[in-house]
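Peer 1: Have a look at this one before I ask anything.
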Amino acid sequence: MSLIQPVTPYRLTRLGAPLSNRWTLASTLVLTSLLTGCAQQEIKPQTEVVQPIQANEQATGQSLMPPDKQAGDLSVGSPVQTAEVTTPEQLAILGNTLPQTAPKLAGFQSQGRLPRLPQTQPVDAAQVQGVRQVLLNYEQAPLAEVISQLADVLQLNVVIDPQVQGRVSLSTASELDSRSLWPLLNYLLAQQGVTMTQVGDFYHVKPATSKEAVLTQGRRQLETQQAGQVTHLVPLQYVSVTKVQEALAPLLTQAQVKTQGLADANVFVLQGQGEQVRRYLPLVELLDTDPFRTRSLQFYPLQSAQAGAVVDELTQVFTALTGGQQSYQFVALERLNAIFVVAPPANSLREVERWLKILDTDISQDRRQVYHYRVRHVKAADLAATLQQLYSGVVQARANTTASAPVPNAQAQNTATPSGALFNGELDIVADAVTNSLLVQANQQDFERLKVILRRLDALPQEVMINVMIAEVTLDNGKEFGLEWALNRGDIQVSNELGLAGLRDAGKLFGLVGKRDFSNLTVVLNAMQEDQMIQVLSSPSVLVRDNESARIEVGSEVPIISRQLTSSTASDSSNLTNEVQYKPTGVILEVTPNIDEDGLINLEIKQEVSKAQRNTTGGVDSPVITKRLVETKVLVRDGDSVVLGGIMDQNRDQTNTGVPFLKDLPLIGHLFKNQKETYTKTELLVILSPRLVSLEEEGSQLIPEFLQKMRQIDRLLSEQ
Numbered sequence: 004m005s006l007i008q009p010v011t012p013y014r015l016t017r018l019g020a021p022l023s024n025r026w027t028l029a030s031t032l033v034l035t036s037l038l039t040g041c042a043q044q045e046i047k048p049q050t051e052v053v054q055p056i057q058a059n060e061q062a063t064g065q066s067l068m069p070p071d072k073q074a075g076d077l078s079v080g081s082p083v084q085t086a087e088v089t090t091p092e093q094l095a096i097l098g099n100t101l102p103q104t105a106p107k108l109a110g111f112q113s114q115g116r117l118p119r120l121p122q123t124q125p126v127d128a129a130q131v132q133g134v135r136q137v138l139l140n141y142e143q144a145p146l147a148e149v150i151s152q153l154a155d156v157l158q159l160n161v162v163i164d165p166q167v168q169g170r171v172s173l174s175t176a177s178e179l180d181s182r183s184l185w186p187l188l189n190y191l192l193a194q195q196g197v198t199m200t201q202v203g204d205f206y207h208v209k210p211a212t213s214k215e216a217v218l219t220q221g222r223r224q225l226e227t228q229q230a231g232q233v234t235h236l237v238p239l240q241y242v243s244v245t246k247v248q249e250a251l252a253p254l255l256t257q258a259q260v261k262t263q264g265l266a267d268a269n270v271f272v273l274q275g276q277g278e279q280v281r282r283y284l285p286l287v288e289l290l291d292t293d294p295f296r297t298r299s300l301q302f303y304p305l306q307s308a309q310a311g312a313v314v315d316e317l318t319q320v321f322t323a324l325t326g327g328q329q330s331y332q333f334v335a336l337e338r339l340n341a342i343f344v345v346a347p348p349a350n351s352l353r354e355v356e357r358w359l360k361i362l363d364t365d366i367s368q369d370r371r372q373v374y375h376y377r378v379r380h381v382k383a384a385d386l387a388a389t390l391q392q393l394y395s396g397v398v399q400a401r402a403n404t405t406a407s408a409p410v411p412n413a414q415a416q417n418t419a420t421p422s423g424a425l426f427n428g429e430l431d432i433v434a435d436a437v438t439n440s441l442l443v444q445a446n447q448q449d450f451e452r453l454k455v456i457l458r459r460l461d462a463l464p465q466e467v468m469i470n471v472m473i474a475e476v477t478l479d480n481g482k483e484f485g486l487e488w489a490l491n492r493g494d495i496q497v498s499n500e501l502g503l504a505g506l507r508d509a510g511k512l513f514g515l516v517g518k519r520d521f522s523n524l525t526v527v528l529n530a531m532q533e534d535q536m537i538q539v540l541s542s543p544s545v546l547v548r549d550n551e552s553a554r555i556e557v558g559s560e561v562p563i564i565s566r567q568l569t570s571s572t573a574s575d576s577s578n579l580t581n582e583v584q585y586k587p588t589g590v591i592l593e594v595t596p597n598i599d600e601d602g603l604i605n606l607e608i609k610q611e612v613s614k615a616q617r618n619t620t621g622g623v624d625s626p627v628i629t630k631r632l633v634e635t636k637v638l639v640r641d642g643d644s645v646v647l648g649g650i651m652d653q654n655r656d657q658t659n660t661g662v663p664f665l666k667d668l669p670l671i672g673h674l675f676k677n678q679k680e681t682y683t684k685t686e687l688l689v690i691l692s693p694r695l696v697s698l699e700e701e702g703s704q705l706i707p708e709f710l711q712k713m714r715q716i717d718r719l720l721s722e723q
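Each residue of the sequence shown is one higher than the last, beginning at 4 in our numbering.
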């Protein structure tokens, strides 16, 4: 047995263009092959099966296809019923009939050939969509199978009665397009005594001689059929046909109701006596129920616990409560940390909510774990020491020595175990100097509280740019008060805004301390430079973080004998050994800023100017180091300047001049020479101008300002 064999690739679509009302030559060949290949049909010469078509019929005469199918839409139309074409009374269908005058064909000749038919109008390929070429070759194939396959090609939804039986042989000598299958199907049904009735979008195929079964759809149509055979169609909305068949199979084994499923249309078919069909219809309707009508849906966000863990625990709890029934479903929404619950009616959700309150707790809050905190702006060791002093007052240090995995170049670490009312449990803190991070062993609640403190302590520190000028002012008898004298000169007007005028009297005892703009002080220094009174020793600028120390040192290291050791030998001789230390000399500046909340800058200043001189003490080879030191703490506003002065140094210099040879004569030599003794005083000036620096706003402005000040200092140095 062979089935339909497509000749060329095709696409199954509904025919969209009108079909011809007359049979084509290909249809003639189909009928010839059908009548010659059917084993059950005996062909007698000169036997007329149907009336021949009159010669005066128009090309648009009637055909075996229903009028509504001539438009090509095979799924919409009036009820159709086919029977013997020679008996129009058998073409009656539910509510409508086919045309009473059937197409008339010429009788068969003795050779088994049909006479030539009038030429039909060809169908334009652009008007017919989905036309394909098929080859029919059936040998003793079951009739129901042939009808089903032809209906698939025509895209018809058919319900075939189980009483449709028999076998058929059908073949075509050449390809046949799908437009000719509809009249072929009608003729095949008529020859086999089978009818096809349309109800809605379905066609009911049953034997014409059997007692007709009523095809119904919907409960109202079924209720009107009190007796007789009924074929009831149930379109399913919420479940699949397969699920309904599996559920009803055990119940229908002994019943006289047959079922069939149309999977493509998701339609379930019940066939049997009307009373029995009505008995099983509620079961089908119960299975095909909207799940949201009998189920409760709820979304629960979780606060502490993880969604996956809560779903596992809820599944175990409700499986035990329901005796193993799967009436509750729980879905974990990991991204939202929530669960979705599908449960029986709404009252059952109360039990779910009660268990959620119990399970939605994070047990890790009471369990000690190791947490890592990366310190960003300060030293981790200092942070750990601060916390240790806060809670216990004792700082313990230990090295990172792990026998299994030693850390190269392990550095000292600080550990703290603070205790107090702020924390519920023990708290261990270890500072790792290599990664500048803290390892904290605590429960989750204590660590969250500790992080608040750590973030405040680990804040971005402020920075201070400090411009410094260190200079020496040379004094003589008329300028013995140095900078104070310069401020008192009439040709140099010093505004009170410099902050220096009010401190003139104090300069003799305490030096000069003033605050204001660094550029204004330059005016005074320039005036002293014109009198050749000033020498700039150093003018550094340093950027230092808050509460950090900065040190600037310009000079040299001088060797000094710190200790002499004398050792005796066997020959009563002694060896002298000197221990030498190197002491730095020159200009040394140490400054530590501290910024308060109001923007005031506290400066800890230590300024030293020292130099080595020849030692005149007999027996001592080490030089003498003269040192001038200023060590103080001042409070300065952002942008103001501080001047430290009044540190005096006096040098005595004696010179002898005279007539050569005569000045060296005894007794009278003093008449030919002049001895002069001069005293020189110098005053040390230290000027500091601190300025707060914001990394986000002012960092890019420091470079041009620094270059401008360097140019001013360069002019001072070039004029010396």
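Note that beta-carbon positions come from the ideal geometry of N, C-alpha and C, so glycine has one too.
Just so it is clear, the structure is predicted and the values come from calculations on it, not from any experiment.
#1: Using DSSP with H/G/I as helix, E/B as strand and the rest coil, what is Leu239?
#2: Along the chain, where does the beta strand (DSSP E) containing Val3 start, and where does it finish?
#3: So, are the CB atoms of Gln653 and Lys684 less than 7 angstroms apart?
#4: Using only the alpha-carbon positions, how far apart do Met746 and Ser542 sit?
#5: Looking at Val162 and Phe205, is the spacing between their C-beta atoms short of 7 angstroms?
#6: With DSSP as the reference, please indicate the residues paired to Thr580 in a beta bridge.
#7: Would you kindly report the start and end of the unbroken beta strand (DSSP E) that includes Thr198?
#8: With which residues is Gln678 paired in a DSSP beta bridge?
#9: Suppose you measure from the CA of Gly396 to the CA of Ile456; what does that come to, to the nearest Å?
#10: With a threshold of 7 angstroms on Cβ separation, who are the neighbours of Leu146 within its own chain once the five nearest residues in sequence on each side are excluded?
#11: Under a three-way DSSP split, which group does Pro304 fall into?
#12: Gln372 bridges to which residues according to DSSP?
#13: Please list, in chain order, all residues of the same chain as Pro294 whose beta carbon is under 8 angstroms from its beta carbon, the five residues on each side excluded.
#14: Could you please give me the residues that DSSP links to Ala434 through a beta bridge?
#15: Indicate whether Leu139 and Leu157 have their beta-carbon atoms separated by less than 7 angstroms.
#16: Between the alpha carbons of Asp641 and Arg631, how many angstroms are there, rounded?
#17: Which stretch, first to last residue, makes up the beta strand (DSSP E) that contains Tyr283?
#18: Do you know offhand how far Thr681's Cα is from Val547's?
#19: Could you tell me whether the segment 300-308 touches the segment 266-281, using the rule of 3 or more Cβ pairs below 8 angstroms?
#20: Opposite His207 in the DSSP bridges: which residues?
#21: So, are the CB atoms of Trp358 and Val320 less than 7 angstroms apart?
#22: Using CA atoms only, rank isn't needed, just tell me which of Val561, Glu582, Glu475 is closest to Gln567.
#23: So what does Glu337 bridge to, in DSSP terms?
#24: In the structure shown, what three-state DSSP assignment does Phe450 receive?
#25: Would you check if the distance between the CB atom of Gln610 and the CB atom of Val689 is smaller than 7 angstroms?
#26: Once you ignore the five residues that flank Phe664 on each side, which residues in its own chain have a CB closer than 7 angstroms to its CB?
#27: Starting from the Cα of Thr234, find the closest Cα among Ser552, Leu153, Tyr283, Pro587 and give me that residue.
#28: Does the count of Cβ pairs from the segment 378-385 and the segment 437-448 closer than 8 angstroms reach three?
#29: By DSSP, does Leu665 sit in helix, in strand, or in coil?
#30: As a quick exercise: from Ser544, Asp624, Leu289, pick the residue whose alpha carbon is nearest that of Glu593.
#31: Evaluate Asn3 with the Cβ neighbour count: other Cβ atoms within 10 Å of its Cβ, from every protein chain shown; 16 or more gives buried, anything less gives exposed.
#32: Under 7 angstroms between the Cβ atoms of Ala346 and Leu352?
#33: In three-state terms, what does DSSP make of Glu607?
#34: So what does DSSP say about Arg554, is it helix, strand or coil?
#35: Would you report the Cα separation of Gly327 and Thr198, rounded to the nearest angstrom?
#36: Using the three-state DSSP reduction, which class does Val381 fall into: helix, strand or coil?
Peer 2: Taking the coordinates as given:
#1: The answer is coil: DSSP assigns Leu239 none of H, G, I, E or B.
#2: Since the first residue of the chain shown is 4 and the last is 723, residue 3 is not available in this structure.
#3: Cβ distance < 7 angstroms, so Gln653 and Lys684 count as in contact.
#4: In the structure displayed, the chain extends from 4 to 723; residue 746 sits before or after that span and is not available.
#5: At the C-beta level, Phe205 and Val162 come within 7 angstroms of one another.
#6: Paired residues: Leu568.
#7: Per DSSP, Thr198 belongs to the beta strand (DSSP E) from 197-202.
#8: According to DSSP, Gln678 shares a beta bridge with Asn659.
#9: Residue confidence for Gly396 is low, a pLDDT of 39 falling below 50, so the modelled location carries little weight; the figure read from the coordinates is stated next. Near 17 angstroms, if we compare the C-alpha coordinates of Ile456 and Gly396.
#10: If you ignore the 5 residues before and after Leu146, its C-beta comes within less than 7 angstroms of the C-beta of Val167, Gln168, Gly169, Arg170, Val171, Gln195, all in its own chain and listed in chain order.
#11: If DSSP states are grouped into helix, strand and coil, Pro304 belongs with the strands.
#12: Ala445, per the DSSP bridge assignment.
#13: Cβ within range, chain order: Tyr241.
#14: Per DSSP, the beta-bridge partners of Ala434 are Leu441.
#15: Cβ atoms of Leu139 and Leu157: not closer than 7 angstroms.
#16: In a straight line, the C-alpha of Asp641 is about 28 angstroms away from that of Arg631.
#17: Where Tyr283 is concerned, there is no enclosing beta strand (DSSP E), although the alpha helix (DSSP H) it sits in stretches over 277-290.
#18: So the two alpha carbons sit approximately 44 angstroms from each other.
#19: Contact annotation: the segment 300-308 does not touch the segment 266-281, with fewer than three C-beta pairs closer than 8 angstroms.
#20: Secondary-structure assignment with DSSP links His207 through a beta bridge to Val162, Thr200.
#21: At a Cβ-Cβ threshold of 7 angstroms, Trp358 and Val320 count as neighbours.
#22: Nearest C-alpha to Gln567: Glu582.
#23: According to DSSP, which records beta bridges pairwise, Glu337 is partnered with nothing at all.
#24: In this structure, Phe450 counts as helix in the three-state DSSP scheme.
#25: Yes, these two residues count as a Cβ contact at 7 angstroms.
#26: Excluding sequence neighbours, Phe664 sits near nothing in its chain.
#27: Of Ser552, Leu153, Tyr283, Pro587, the smallest CA-CA separation from Thr234 is found for Tyr283.
#28: Yes, they touch.
#29: When DSSP states are grouped into helix, strand and coil, Leu665 belongs to the coil group.
#30: Per the Cα distances, Ser544.
#31: The structure shown has nothing for residue 3, since the chain only spans 4 to 723.
#32: For the pair Ala346 and Leu352, the CB atoms are nearer than the 7 angstroms cut-off.
#33: Three-state DSSP puts Glu607 in a strand.
#34: Here Arg554 sits in strand by DSSP.
#35: Gly327 and Thr198 have their C-alpha atoms roughly 53 angstroms apart.
#36: Three-state result, Val381: coil.
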